[in-house]
Structures are given as structure tokens and as C-alpha cells.
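Numbering follows UniProt numbering, in which position 87 of the sequence shown is assigned residue number 87; successive positions increment by one, without gaps.
Glycine is no exception: its CB is placed at the ideal position from the N, C-alpha and C atoms.
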Amino acid sequence: MKTASPALTALINSGKFERADVYTIALKGGLTLRYADHDQPLTFGAETWTLGPLLKRSRTELSVGIEVDEMEVTFTPTDFSLINGKPFAAFVSGGGFSGARLTVQRAYTPPGWGDVVGLVHVFSGRVSDAGLGGGTVRVVVRSDAELLDAMVPANVYQPGCLNGLYDDACGISRAAHQAAASVTGAQAPSRSFFSTSLPQAAGHFSMGTLTFTSGPNAGVSRTVKQHLAGGALRMIAPLPITPGAGDAFTIAPGCDGTRATCGGRYFNLNRFRGTPLIPVAETIT
């Protein structure tokens with residue numbers, strides 16, 4: 001059931017109103033984007049939805065029961081559509097919408113686009129897919145019922161640890177193991193391979209996560225495929241833009257889920273949730 005304030009109810013019942021959709025995108029890093037599907041900014045309370053990329057969304061269908069609802073939103077960026085100083089499409093292609101939450105509301109005003117009287121919730125969910133094509137950015141948003149699509153039972157017997165590194169079950173502090181460094185000019189960099197000032201031994205940051213804090217890739221994160229001798233890093237997926245000498249980043253080591261890494265690197269065996277001594281499956285013929 002959708003709810004509305006008495007003032008909004010009275011406006012809608014009068015039959016004389018204007019309406020437009022407003023989009024709120026909460027990014028994983030803490031930044032919140034607000035765009036209005038209109039030709040002027042809209043304000044309600046302390047929040048303002050500005051003019052951004054052109055927006056178009058699919059129709060929504062809400063079902064009774066446990067069913068995953070879905071909405072597709074298409075963004076057509078303009079030359080002025082920037083996020084953290086980067087073009088909208090480049091930010092999205094660099095994983096900027098990964099883990100984001102999008103909420104669509106409908107704003108109602110008196111005729112002539114006066115002050116917004118109220119908002120009605122239309123849809124909210126998690127961004128599950130984002131792709132580029134034909135000058136547009138297509139984002140698929142799925143309702144929270146998707147979180148129920150989990151394996152039952154949740155725990156299985158396997159050699160590797162069931163925890164995710166740095167999650168609540170693991171208990172390891174990312175900040176305690178994170179390092180800060182920068183790209184160096186020791187060799188010509190590419191979008192997936194570059195030298196750094198990291199002093200740690202080769203392999204320390206393999207399968208870890210790197211996030212740029214300055215330069216053209218600021219805010220972009222990538223998984224490290226290899227940490228080589230001398231501090232060189234190879235990414236699993238290429239960066240949007242080739243980094244330059246002096247570009248700063250933070251990096252945290254990864255974990256292969258083995259008992260040896262849990263105890264030898266993180267001293268966290270009391271939280272290890274793997275079963276490395278489980279017997280190997282045998283087939284009787």
C-alpha cells in the first residue's frame with residue numbers, strides 16, 4: 001500500500017497537479033546522487049534532485065508474495081553528466097554503481113511546477129547489472145527479495161573458509177591491513193599492469209582489492225591478479241584509464257580461504273570456518 005500526506009492527498013484529489021519521477025542513487029562509497037526526470041531541479045524538504053542525464057525507466061509490477069521485482073533504468077549522459085569529476089559512462093564502466101541502491105519516487109506539485117507537496121514511493125532495490133551501449137547506460141535494479149535467493153543450507157562442508165575476508169564473521173579489520181602507495185614510472189604502465197611503490201614481498205597483495213584515491217581513476221576499484229616482485233601489480237580487469245606516475249591508491253591483501261593463510265597471515269584460526277580434513281569423495285564401481 002502506498003501512503004501519502006494529507007496535503008498530498010488533497011492535491012491529488014483536486015485533479016490539478018504536475019508530477020515527475022525523482023531518482024536517488026546511494027553509492028557504496030557513501031556518495032548519494034539525486035536526479036530529476038524533469039527540465040528543472042526539484043526540492044522537497046532538505047533534498048534537491050538536480051538535472052543530470054536523461055532518464056527513462058521501465059514500468060513496474062508489484063506482486064503479492066515472495067517474488068523478485070525488477071526495473072530497468074536507462075541513462076543518456078550529457079557532456080555535463082559528471083560523477084566525482086569523471087564522465088558518467090566512464091564512472092559506471094569502472095564499477096562505480098557496484099553495490100549501489102536506487103530508489104524511484106514520484107514528486108507532485110501544483111500546476112505550474114511550484115514547490116513539491118509530497119513524494120510517493122515507486123520502487124527501490126539493489127543495482128544488479130549495469131552496461132553501456134549506443135551512448136546510453138542501462139541499469140537493472142532488483143528488489144530486496146533477491147537476497148532470499150540463497151543456498152539452503154547456508155553452510156556446506158568444504159576445505160576453504162566460508163567467511164568473506166573482512167566481513168563480520170571473519171572479524172579481520174581491513175584498516176589494520178590496508179596500505180597506501182602510488183604508481184611509479186619504473187616501467188610504462190598500461191590499464192591492467194603498472195609499477196608501484198609497495199615495499200611488501202611479492203604475492204602479499206595478490207587477490208586483494210585496490211582503490212585509486214587520486215588521478216583519472218579516483219574512486220575506481222579493481223581486484224589484484226598478481227603482486228609481483230618490486231611492487232608491480234597486474235589487475236584482473238583493466239582500468240577505465242591508464243594510470244600515471246604519482247596516482248595514489250589504497251590496497252588491502254586478499255585471502256585464498258586456506259587454513260595456512262588464515263593462521264599464517266591473519267592469525268585468525270579461531271574464526272576459520274573451513275573443513276580441510278573432510279574425506280575426499282569416493283565412487284564405488
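- Cα atoms of Arg34 and Ala237: separation of roughly 29 Å, rounded to the nearest angstrom.
- Within 10 angstroms of the beta-carbon of Asp167 lie fewer than 16 other beta-carbons, which makes it exposed.
- For the pair Asp256 and Asn217, the CB atoms are not nearer than the 8 Å cut-off.
- Closest option to Arg57, judged by alpha-carbon separation, among Glu47, Phe44, Ala46 and Glu72: Glu72.
- With fewer than 16 other CB atoms across the displayed protein chains lying within 10 angstroms of its CB, Thr32 is exposed.
- Within the model, the alpha-carbon separation for Ala181 versus Thr196 is close to 7 Å.
- Of the candidates Phe267, Pro189, Ala169 and Thr261, Pro189 places its Cα closest to the Cα of Leu239.
- Looking at the backbone, the Cα of Arg174 and that of Asn163 are separated by about 14 Å.
- In chain order, Tyr35, Ala36, His38, Asp39, Gln40 and Pro41 place their CB closer than 8 Å to the CB of Leu51, counting only its own chain and leaving out the 5 sequence neighbours on each side.
- From the listed residues Thr213, Thr184, Phe97 and Gly15, the smallest Cα separation to Pro110 is found for Gly15.
- Going by DSSP, His177 is part of the alpha helix (DSSP H) stretching over Arg174 to His177.
- The alpha-carbon separation between Ala201 and Thr261 amounts to approximately 15 Å.
- When DSSP reads this structure, Ile251 sits in a beta bridge with Ala179 and Leu210.
- With 16 or more other Cβ atoms from the protein chains shown falling within 10 Å of its own Cβ, Leu198 counts as buried.
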